[in-house]
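A.B. asks: If you read the sequences in order, they're chains Z and U. Numbering-wise (my numbering), the first sequence opens with residue 3 and increments by one. Numbering-wise (my numbering), the second sequence opens with residue 20 and increments by one. Below you will find the structure I want to go over with you.
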Amino acid sequence: MSINNNMIDVLQDQKWESIPWKKLQVGDIIKVKQDGFFPADLLLLASTNADGVCYIETANLDGETNLKIRKALEKTWDYVTPEKASEFKGEIQCEQPNNSLYTFTGNLLIQKQTLPLSPNQILLRGCSLRNTEYIVGVVIFTGHETKVMMNAMNVPSKRSTLERKLDKLILTLFATLFMMCFIGAIGSAIFVNKKYFYLHLDSSEKGSAQFNPRNRFLVFLLTMFTLITLYSTIIPISLYVSIEMIKFIQSTQFINKDLCMYHSETNTPALARTSNLNEELGQVEYIFSDKTGTLTRNLMEFFKCSIGGEVYGNGVTEIERGLAERNGMKIDENKSANAVQERGFNFDDARLMRGAWRNEPNPDVCKEFFRCLAICHTVLPEGEESPEKIKYQAASPDEAALVIAAKNFGFFFYRRTPTTINVRESHVEKMGKIQDVSYEILNVLEFNSTRKRQSVVCRYPDGRLVLYCKGADTVIYERLADGNTNNNIKKVTREHLELFGSAGLRTLCLAYKELHPDVYESWNEKFIQAKSSLNDREKKLDEVAELIENDLILIGSTAIEDKLQEGVPACIETLQRAGIKIWVLTGDKIETAINIAYACNLINNEMKQFVISSETDAIREVEDRGDQVEIARFIKDEVKRELKKCLEEAESYFHSLSGPKLALVIDGKCLMYALDPSLRVMLLNLSLNCHSVVCCRVSPLQKAQVTSMVKKGARKITLSIGDGANDVSMIQAAHVGIGISGMEGMQAVMASDFAIAQFRYLADLLLVHGRWSYLRICKVVIYFFYKNLTFTLTQFWFTFQTGFSGQRFYDDWFQSLYNVIFTALPVIIVGLFDKDVSSSLSKKYPELYMEGIKNVFFKWKVVAIWAFFSVYQSLIFFYFVSTTNLSAKNSAGKIFGLWDVSTMAFTCVVITVNLRLLMICNSITRWHYISVGGSILAWFIFIFIYSGISTPYDRQENIYFVIYVLMSTFYFYIMLLLVPAAALFCDFVYQGVQRWFFPYDYQIIQEMHRDEVDNTGRAQLLEVGNQLTPAEARSYAISQLPRELSKHTGFAFDSPGYESFFAAQLGVYAPPKAWDVARRASMRSKPKIGHKK
Amino acid sequence: MDIKDEESAPSSKKASKKPIYTQFSQQDLPAWKPILTPGWVIATFSVVGILYIPIGLLTLFASESVEEAIFRYDDRCLPPSYAHNANSYIQSDDTNKTCTIKWTVEHEMEAPIYIYYQLDNYYQNHRRYVKSRNDMQLRNKAAEGDLGNCFPEDKTTDTNQPIVPCGLIAWSLFNDTYRFLTSNKDLTVNKKNIAWGSDQRSKFGSNVYPKNFQSRDLIGGAKLNESIPLSQQEDLIVWMRSAALPTFRKLYGKIETDLEMNDEIEIVIENNYNTYLFGGRKRLVFSTTTLIGGKNPFVGTAYLIVGGLSLFCAITFILLYVIKPRPLGDPSYLSWNRNPGGIK
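Printed below as a string of structure tokens:
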């Protein structure tokens, strides 16, 4: 793989030398530059940032987008330059390679000191370096021993479920073959008798063993073998070849070249990396999707806000759009002309732009809102101080989006010093006036997951002291001041929050408070005290913060869109209508995951949600005690209890007909215990009853485990889709793995079976290509089964008339060419071209897909029906032709012999079988005519030539002139008209009755659209619906959103701690903080956030 | 296949991977989409019915116009004294094999009247039997030594001379003969042109003469005149076109004078061929022919049945259509509309 040929700087002789990744060895000291990927698992020695801190992005491992901090041991901070680094001498003791991404134990022995290593110093392969010029590190694990690779599983070879079922059919055919041979052989052993003197069975000489009546057992055995070769045509050997050919063309010509799945922005067409699984795509029942990069674009955009009880922002989320479309409206995507387009800012409302907010009912609240956005954050500006060129470095994209929003509203934050924040404010005093204002930052009360809020105390240039606070609605609302106006705003804003939340937007509440200098001074003393305390500092800081973060005045709320990939909610909705259940498996935290589930319409407020989370007080309490065994036992019990409870509830809903749809949210830690064999059944039962399932904080391996649980436990057909290295194992574990291509990372694509550029193409891939492939392959298989069985059975019936001697009914050549020439091509044409309904209808009626999930077209029942018709037809062929055998066949009184009869029968078989093929076609192209006509013609051409010549070789000239003899009789033509009609009569009656009285869904759809010209143009389908103005559409869409008292308000903000992040800039020493990855992984001290009741 | 290149302008940007539109790859080939509506079903059945019933009637009529008379004689020609010992009767050289049957013609028969012998329980299609011949030897004098497949009737027992024609089929050649006597008419049997012309021309050589035939201990059937080439031995040629089923008829000859009603015909049978051993019956058949051959009511009946059933189905479908109509393309028949909340 080319990835291992990337170059990396390695320390050699006090210089950095570039070598390819693959040459790296454990113990090498390497340098990784900004935005570079770590080529191996590294121990962080030093960073260009002060304090040995570096920032990494772990999106490839867990899908999380916010940066993480890694901090080198103090002893190694200095090894930044090559000269210095070459002095590094030490010994690293560490654990064996393992797959746990969040743990690491080891020691660094340096200068005779033993320093403990933690995950805090480890840089994992797959992550990339951010906001740091470069780092120096030591290679600990390389290649397959890296943690990310340990999470990968062996590449499984995949075969489609249909093919596996086909194997069973073939086995059944083998059993049938054996039975037929057995019957024939027994008959033969009974038949042989000396009395048939003309057979000379009494001969005891050589070569007579086969029919020697004195040794009937030997006769039985030998006839058995003869019959096996005779009846071997029942096994459709050419079926496998034909299927491979069909699938190959399907994947290379149809899937790879589908214009509907070509993404022009990234110039990526779809890619079928295997041709084995086409029809599997038509039977998928469970989709496991990664979040970041698959469902979302990894892009946060300021989308809407609510200020002083007024909603701003005209944007329509994908989910609203989908809803509106479902209700038959077309939302115009006309942005007003002055809408600002910027990464991170997707807000369009003229009422707030360019100072227009001054005319709003609450201009003062607006002003506070913007100031709060511009001041209360932990973002670093970078680059030129102009609105166009500045770049914001933020620990989370949410934060950056908020600051960018402030900038666009005219509050341009352009400089940060350790004590001030400089904001260029426009239109504040009067329209058009721009002034630079410097706010002195007095205190920062940082964000953490317990507090779920962040506050800044600042001093205005005029000396006013103001505390700005932003945070989760739950925590902010607790701390709001009482007051009439405030109450009203609170109520309205709450409604807005719910509205935002149910649309999948991430919300934050903003509040402020004016501080009296005296009050502030006395508080500040306590704060400084707490800050300098040596133990329990964090706790004390939190307590002090509580003292001042009260009596806040609510300003409003922001709504940030975790930008979904285009068309995701619509696609998910389509897929759900198709009977596919979609599970989101993400490394993200629970709030984010739920948010996205809302945004994708996987969860809505009408659903009953089961949340099984490890972030309960009880679990946290036990964890604080730190006894691993007890923790494990406790969590397991807890999970078991929860599961049982949920399952009971779910079953009660399930029995009542109109119960709500169910959704399950479970986090990785609980999942770990729930996947335990003892609880697995319960988990499976629960999750299979749920409409949608969200698993968050799951490791790559757990993703795979969940996938295989459903694959093996529920025996359902699964599909995994993902874009990153963390999805590889899940992609491999599922029946079908889909990689998102067109992005930078290729690991997922390399592991996948199909690669598409966008999640929304899944609809095309499954509903169109998958469904068609399934239908086609089913038809091909069944038809092969039918034609070989029919052919072989005529031979079988003949055996009864020959004293079970194993005499061939057909000439050798007839028998060999039957599968290869006379019936080969048409079925391939069907496998390529058959379409029941057009692709646009397939997507318009996704429910059609359920026929594939239920495997309607390849059930034993279907096989049995076809077997019945095979038997019937073969009887018609044999007995119609043989019953009339006795009398003369032409006016000259001449009689047919064996080969005349068999050629006659064979002609009937070839014609009938080819006509039968036309009867299973839903659409008949010219290729059908050509191939069917060609096959029949090929038979006649063949027989004309074959029976026209006699060869000088020593062989039996059985067929010589047979066809000419046949064709010289009237009888031949009469039979040719009669036999196929009689044979197909029953099939036709069956088809007519089936279609009329027990129609398949696709047949109804065909009838509904029978008069339409096929090329409906796929885009045309989207055009249905009335034209509404954007405002109407929006209000309608919003009015359609679930209005039930919502509990979900969409808070999902995350930010690294202020102090550690700015420690470098402020020149203040700050110890490593609690929120780092290791801590996150262990999930400690993370309170439950209030999505629940 | 018309290729509409939607990206007509050759773009200067680097190679676009956009697939080119073809009807084939976009699966947009023009196609006829037949829907088996009741109209189609009824129409098809009606057409088949209307077409097949007349054909059936014609065929049946033709078959009925054939006059056929069948006599079983294996039992009648067995003297009662040998009733329990038929085998020794037929194998003995001393017994009188000639037997006479009187036949009064019941219906007028127009010449030519074909005479067949019919055997049953006779497995000419047995694997051992079918292959026991050598086509090379039959048509080529030079290849008389080709004895492949002919065992055990390939060589003479004592001198190891090749037998021509070799093999079980030729060896077991049917050897009953028939003569027909009548008071006022001369009923000669024409034995020419009873085999298929192609067999006579190409499969049996005009310069190949029988040799050492029936010279082994066991004699299977008829002997051949060694001075007549195989291509003229039409009885042999007919016999060697093996029958498909264990009950079969072979053409014996034809009578080229009309038989009037109540004509008295004396059939003199030389009952030589041994079918007593394996319980096979022998019959003698007189038959006239039409364009479609001999008497064969099955084909006509089958046509009538297929046509009749088709009409019946057409009527049934019309009735069903009236009694239990289903509007074409009614969405309420869709499975997800039938049981609401289908996805579970």
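A virtual CB, placed ideally from N, CA and C, is assigned to each residue, including glycine. Keep in mind the model is a prediction, meaning the values are calculated, not measured.
Residues of chain U with a CB under 8 Å from the CB of Z:Val-991: which are they?
C.D. replies: Within the first sequence, residue 991 of chain Z is the residue found at index 989, counting from 1. Going along chain U in sequence order, the residues near Z:Val-991 (Cβ under 8 Å) are Cys-332.
A.B. asks: Scan the region 346 to 359 of chain U for residues whose Cβ lies nearer than 8 Å to a Cβ of chain B and list them as they occur along the chain.
C.D. replies: Looking at the structure shown, chain B is missing, and the protein chains on hand are Z and U.
A.B. asks: Expressed to the nearest angstrom, what Euclidean distance is found between the alpha-carbon atoms of Z:Arg-717 and Z:Val-459?
C.D. replies: The residue labelled residue 717 of chain Z in the question sits at position 715 within the first sequence. The residue labelled residue 459 of chain Z in the question sits at position 457 within the first sequence. Roughly 58 Å separates the two Cα atoms.
A.B. asks: If you drop the 5 nearest sequence neighbours on each side, which residues of the same chain put their C-beta closer than 7 Å to that of Z:Met-1119?
C.D. replies: The shown model of chain Z, from 3 to 1095, leaves out residue 1119 of chain Z, and the question about it has no answer.
A.B. asks: Apart from the five residues on each side of it in sequence, which residues of its chain come closer than 8 Å, Cβ to Cβ, to Z:Leu-482?
C.D. replies: The residue given as residue 482 of chain Z occupies position 480 in the first sequence. Cβ neighbours of Z:Leu-482 beyond the five flanking positions: Asn-488, Lys-492, Ala-513, Asp-553, Leu-554, Ile-555 and Leu-556.
A.B. asks: Out of Z:His-1011, Z:Ser-937, Z:Ile-878 and Z:Val-822, state which residue places its alpha-carbon closest to the alpha-carbon of Z:Thr-235.
C.D. replies: For the purposes of this step, residue 235 of chain Z is taken as residue 233 along the first sequence, with counting starting at 1. The shortest Cα separation from Z:Thr-235 among Z:His-1011, Z:Ser-937, Z:Ile-878 and Z:Val-822 belongs to Z:Val-822.
A.B. asks: Give me the DSSP bridge partner(s) of Z:Thr-422.
C.D. replies: For the purposes of this step, residue 422 of chain Z is taken as residue 420 along the first sequence, with counting starting at 1. Answer is Z:Glu-442.
A.B. asks: With 16 other CB atoms within 10 Å as the buried threshold, where does Z:Thr-228 fall?
C.D. replies: Within the first sequence, numbered from 1, the residue matching residue 228 of chain Z stands at position 226. Its Cβ being crowded by 16 or more others within 10 Å, Z:Thr-228 is buried.
A.B. asks: Verify whether the separation of the beta carbon atoms of Z:Cys-697 and Z:Leu-587 is less than 8 Å.
C.D. replies: The sequence position of residue 697 of chain Z within the first sequence is 695, counting from 1. The sequence position of residue 587 of chain Z within the first sequence is 585, counting from 1. Taking 8 Å as the Cβ cut-off, Z:Cys-697 and Z:Leu-587 qualify as a contacting pair.
A.B. asks: When DSSP builds the beta bridges, which residues end up paired with U:Ile-89?
C.D. replies: Within the second sequence, numbered from 1, the residue matching residue 89 of chain U stands at position 70. Answer is U:Val-304.
A.B. asks: Sort Z:Tyr-600, Z:Lys-114, Z:Phe-802 and Z:Ser-120 by Cα distance to Z:Gln-2 and report the nearest one.
C.D. replies: Since the first residue of chain Z shown is 3 and the last is 1095, residue 2 of chain Z is not available in this structure.
A.B. asks: So with Cβ pairs under 8 Å, would you call U:Gln-110 a contact of chain Z?
C.D. replies: Against the second sequence, residue 110 of chain U aligns to sequence position 91. So, not an interface residue.
A.B. asks: Going by DSSP, what residues sit across from Z:Glu-644 in a beta bridge?
C.D. replies: The sequence position of residue 644 of chain Z within the first sequence is 642, counting from 1. DSSP lists no partner for Z:Glu-644.
A.B. asks: With DSSP collapsed to three states, give me the class of Z:Ala-757.
C.D. replies: Indexing the first sequence from 1 puts residue 757 of chain Z at position 755. Strand.
A.B. asks: How would you call Z:Val-521, buried or exposed, if buried means at least 16 neighbouring beta carbons within 10 angstroms?
C.D. replies: As a first step, residue 521 of chain Z must be located in the first sequence, where it is residue number 519. It counts as exposed.
A.B. asks: Give the single residue among Z:Ala-736, Z:Ala-735 and Z:Ala-753 whose Cα lies nearest to the Cα of Z:Ile-742.
C.D. replies: Position 740 of the first sequence, counted from the first residue, corresponds to residue 742 of chain Z. Of the listed residues, the one whose Cα sits closest to Z:Ile-742 is Z:Ala-753.
A.B. asks: Note down, in chain order, every chain Z residue with its Cβ under 7 Å from the Cβ of U:Phe-232.
C.D. replies: On the second sequence, position 213 is the one that residue 232 of chain U refers to. Ordered by position in chain Z, no residue passes the 7 Å Cβ test against U:Phe-232, which lies about 15 Å from the chain.
A.B. asks: Please look up how many angstroms separate the CB atoms of U:Ile-337 and U:Ile-61, rounded, as I've assumed it's under 8 Å.
C.D. replies: Translated into positions along the second sequence, residue 337 of chain U becomes position 318. Translated into positions along the second sequence, residue 61 of chain U becomes position 42. Yes, they are in contact, since the Cβ atoms of U:Ile-337 and U:Ile-61 sit about 6 Å apart, within 8 Å.
A.B. asks: Report buried or exposed for Z:Gly-950, applying the criterion of at least 16 other Cβ atoms within 10 angstroms of its Cβ.
C.D. replies: As a working note, residue 950 of chain Z is residue 948 in the first sequence. With fewer than 16 Cβ atoms within 10 Å of its Cβ, Z:Gly-950 is classed as exposed.
A.B. asks: I'd like the ranges of any alpha helix (DSSP H) spanning at least 4 consecutive residues and lying wholly in the region 157 to 191 of chain Z.
C.D. replies: None, since the region 157 to 191 of chain Z contains no complete alpha helix (DSSP H) of that length.
A.B. asks: Does the beta-carbon of Z:Phe-39 have 16 or more other beta-carbons within 10 angstroms, so that it is buried, or is it exposed?
C.D. replies: Along the first sequence, read from residue 1 onward, the residue named residue 39 of chain Z stands at position 37. Flag for Z:Phe-39 reads buried.
A.B. asks: Mind the definition here: the region 161 to 179 of chain Z touches the region 75 to 84 of chain Z only if three or more C-beta pairs lie below 8 Å; say whether that holds.
C.D. replies: Verdict: no, contact absent.
A.B. asks: Is it the case that the Cβ atoms of Z:Phe-349 and Z:Phe-304 are separated by a distance below 8 Å?
C.D. replies: Within the first sequence, the letter at position 347 stands for residue 349 of chain Z. Within the first sequence, the letter at position 302 stands for residue 304 of chain Z. Yes. Within cutoff.
A.B. asks: According to DSSP, is U:Arg-345 helix, strand or coil?
C.D. replies: Mapped onto the second sequence, residue 345 of chain U falls at position 326. Looking at U:Arg-345 - three-state DSSP - the assignment turns out to be coil, as it is neither helix nor strand.
A.B. asks: Return the chain-ordered list of same chain residues with a C-beta closer than 8 Å to the C-beta of Z:Leu-1047, the five sequence neighbours on each side being excluded.
C.D. replies: The residue you call residue 1047 of chain Z lines up with position 1045 of the first sequence. The predicted model places Z:Leu-1047 with a pLDDT of 40, which falls under 50 and marks its position as unreliable, so this point remains unresolved.
A.B. asks: Who are the neighbours of Z:Lys-861 on chain U, taking C-beta pairs under 7 Å?
C.D. replies: As a working mapping, residue 861 of chain Z is identified with position 859 in the first sequence. Within chain U, no residue comes near Z:Lys-861; the closest Cβ sits about 15 Å away, beyond 7 Å.
A.B. asks: Below 8 Å on C-beta distance, what does Z:Leu-690 contact in chain U?
C.D. replies: Translated into the one-based positions of the first sequence, residue 690 of chain Z becomes position 688. Those do not exist, as Z:Leu-690 stays about 10 Å from chain U at its closest Cβ, beyond 8 Å.
A.B. asks: Using a Cβ-Cβ cut-off of 8 Å, state whether Z:Lys-493 counts as contacting chain U.
C.D. replies: Working through the first sequence from its first residue, we reach residue 493 of chain Z at position 491. It does not; no Cβ of chain U falls within 8 Å.
A.B. asks: Over what stretch of residues does the beta strand (DSSP E) that includes Z:Glu-312 continue unbroken?
C.D. replies: The count along the first sequence starts at 1 and reaches residue 312 of chain Z at position 310. Counting along the chain, the beta strand (DSSP E) containing Z:Glu-312 begins and ends at 312 to 314.
A.B. asks: Could you check the C-alpha separation between Z:Gly-92 and Z:Ala-274 for me, to the nearest Å?
C.D. replies: Taking the first sequence and counting its residues from 1, one reaches residue 92 of chain Z at position 90. Taking the first sequence and counting its residues from 1, one reaches residue 274 of chain Z at position 272. Taking the straight line from one Cα to the other gives about 49 Å.
A.B. asks: Any Cβ of chain U within less than 8 Å of the Cβ of Z:His-202?
C.D. replies: By one-based count along the first sequence, residue 202 of chain Z stands at place 200. Closer than 8 Å: yes.
A.B. asks: Just to confirm my understanding: we take Z:Val-782, look at its own chain, exclude 5 residues before and 5 after, and list those with CB closer than 7 Å. What are they?
C.D. replies: Here the question's residue 782 of chain Z lines up with position 780 in the first sequence. Closer than 7 Å at the Cβ level, and outside the excluded window around Z:Val-782, lie Ser-244, Ile-245, Ile-248, Val-829, Val-832 and Gly-833.
A.B. asks: So U:Lys-301 contacts chain Z; which residues on that side make the cut at Cβ distance below 9 Å?
C.D. replies: Here residue 301 of chain U corresponds to residue number 282 of the second sequence, with the count starting at 1. Here the premise fails: no neighbours, minimum Cβ distance about 14 Å.
A.B. asks: Is there at least one non-hydrogen atom of the ligand HEM closer than 7 Å to the beta-carbon of Z:Leu-44?
C.D. replies: With respect to the ligand HEM, the structure offers nothing, as it holds no ligand at all.
A.B. asks: Nearest to Z:Ile-582 by alpha carbon, out of Z:Ile-436, Z:Lys-856 and Z:Thr-825?
C.D. replies: The residue you call residue 582 of chain Z lines up with position 580 of the first sequence. Considering only alpha carbons, the answer is Z:Lys-856.
A.B. asks: With a threshold of 8 Å between beta-carbons, can Z:Pro-662 be considered close to chain U, or not?
C.D. replies: Numbered from its first residue, the first sequence carries residue 662 of chain Z at position 660. So no, Z:Pro-662 is outside the interface.
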